[in-house]
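Respectively, the protein sequence lines represent chains A and B. The opening residue of the first sequence carries number 1351 in the numbering used here; numbering runs sequentially from there. The opening residue of the second sequence carries number 2 in the numbering used here; numbering runs sequentially from there. Beta carbons are placed, not taken as given, at the ideal position from N, Cα and C, and that holds for glycine. Everything numeric in this text was worked out from a predicted model, so none of it was measured. Report on one structure; see the data block that follows.
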Amino acid sequence: AQRVTQPEKLLSVFKGAPVELKCNYSYSGSPELFWYVQYSRQRLQLLLRHISRESIKGFTADLNKGETSFHLKKPFAQEEDSAMYYCALRDQAGTALIFGKGTTLSVSS
Amino acid sequence: SQTIHQWPATLVQPVGSPLSLECTVEGTSNPNLYWYRQAAGRGLQLLFYSVGIGQISSEVPQNLSASRPQDRQFILSSKKLLLSDSGFYLCAWGGTGLAKNIQYFGAGTRLSVL
């Protein structure tokens, strides 16, 4: 079965603290994973995808096939990082994305 | 450049009334199109997707239906709304080439069924 699990509904951290948003997946074969972000009053948008192996706004995510995880990390959180974050997995047919339930990140000073 | 439009932005409808939400995409041809519902605590749920005119795949059996009468138009409908249809509805289109599997979202429609 294809599934994405984000175990935390809410993650609250202080500005400057490290952040790790957890994502685990279930998939047969080679997964393609994404992180999407929705800032307040803005559209849901792509943050990063694992095949790009890039850092966006200081965030990185590494695919760990052994642990079936794709956690999103940032060493020093900023207040503007406060948003809803969704982890997503390309489905087996390659047509649609399967999203997790999302984690709200709240960064306070 | 490609843009996606959804309307209306907000809608309040009585139980039992019909629904029609529209989504259009500009700047691309033959996109994959998607309807999602975003509900608190349930995340982003894929409702329908379409790979071409008249081709609709339903992911979740429910009170809603979708149609794609034109290449860049995707419509979400219901004949009789239920209270449980309340939520935030998002339309998205799928990229191609290097952007394959990336989805681009509209601003959404907040539907309240009373």
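When the options are compared against residue i, the one with the closest alpha-carbon
i	options	result
residue 1457 of chain A	A:1351, A:1412, A:1369	A:1369
residue 24 of chain B	B:65, B:59, B:90, B:16	B:90
residue 103 of chain B	A:1404, A:1410, A:1373, A:1385	A:1385
residue 88 of chain B	B:55, B:70, B:27, B:43	B:43
residue 41 of chain B	B:85, B:105, B:107, B:108	B:85
residue 46 of chain B	B:52, B:95, B:70, B:59	B:59
residue 69 of chain B	B:92, B:38, B:28, B:107	B:92
residue 1381 of chain A	A:1455, A:1424, A:1412, A:1451	A:1412
residue 4 of chain B	A:1395, A:1406, A:1378	A:1395
residue 83 of chain B	B:33, B:115, B:106	B:115
residue 6 of chain B	B:13, B:12, B:26	B:26
residue 106 of chain B	B:34, B:56, B:30, B:17	B:34
Within 8 Å, strictly: CB atoms of residue i and residue j
i	j	result
residue 1427 of chain A	residue 1363 of chain A	yes
residue 15 of chain B	residue 110 of chain B	no
residue 1361 of chain A	residue 1371 of chain A	yes
residue 1359 of chain A	residue 1459 of chain A	no
What are the residues of the segment 1399 to 1413 of chain A that lie near chain B, defined by any Cβ-Cβ distance shorter than 8 Å? 1399: these are the residues of the segment 1399 to 1413 of chain A whose beta carbon lies less than 8 Å from some beta carbon of chain B, given in chain order.
Does the segment 1422 to 1441 of chain A touch the segment 1354 to 1361 of chain A, meaning 3 or more C-beta pairs lie closer than 8 Å? The segment 1422 to 1441 of chain A and the segment 1354 to 1361 of chain A touch, with three or more beta-carbon pairs separated by less than 8 Å.
For the segment 19 to 33 of chain B against the segment 70 to 87 of chain B, are there 3 or more C-beta pairs whose distance is under 8 Å? Yes, since at least three Cβ pairs between the segment 19 to 33 of chain B and the segment 70 to 87 of chain B fall closer than 8 Å, the two stretches touch.
Note down, in chain order, all residues in the segment 18 to 52 of chain B with a beta-carbon under 9 Å from any beta-carbon belonging to chain A. Here the close residues are 33, 35, 37, 39, 42, 43, 44, 45, 46, 47, 50, 52.
Mind listing, in chain order, the continuous beta strand (DSSP E) runs of no fewer than 3 residues lying wholly within the segment 37 to 102 of chain B? Along the length of the segment 37 to 102 of chain B, whole beta strand (DSSP E) runs at least 3 residues long occupy 44 to 53, 56 to 59, 66 to 71, 74 to 79, 88 to 95, reported in chain order.
Would you list, in sequence order, the uninterrupted alpha helix (DSSP H) runs of no fewer than 4 residues that lie entirely inside the segment 1388 to 1425 of chain A? Counting only runs of 4 or more, we get nothing.
Between the segment 1367 to 1386 of chain A and chain B, which residues of the former have a C-beta closer than 9 Å to a C-beta of the latter? If the cut-off is 9 Å between Cβ atoms, the segment 1367 to 1386 of chain A has 1382, 1384, 1386 near chain B.
Proximal residues, the segment 84 to 95 of chain B versus chain A, C-beta separation under 9 Å: Result list: 91, 93, 95.
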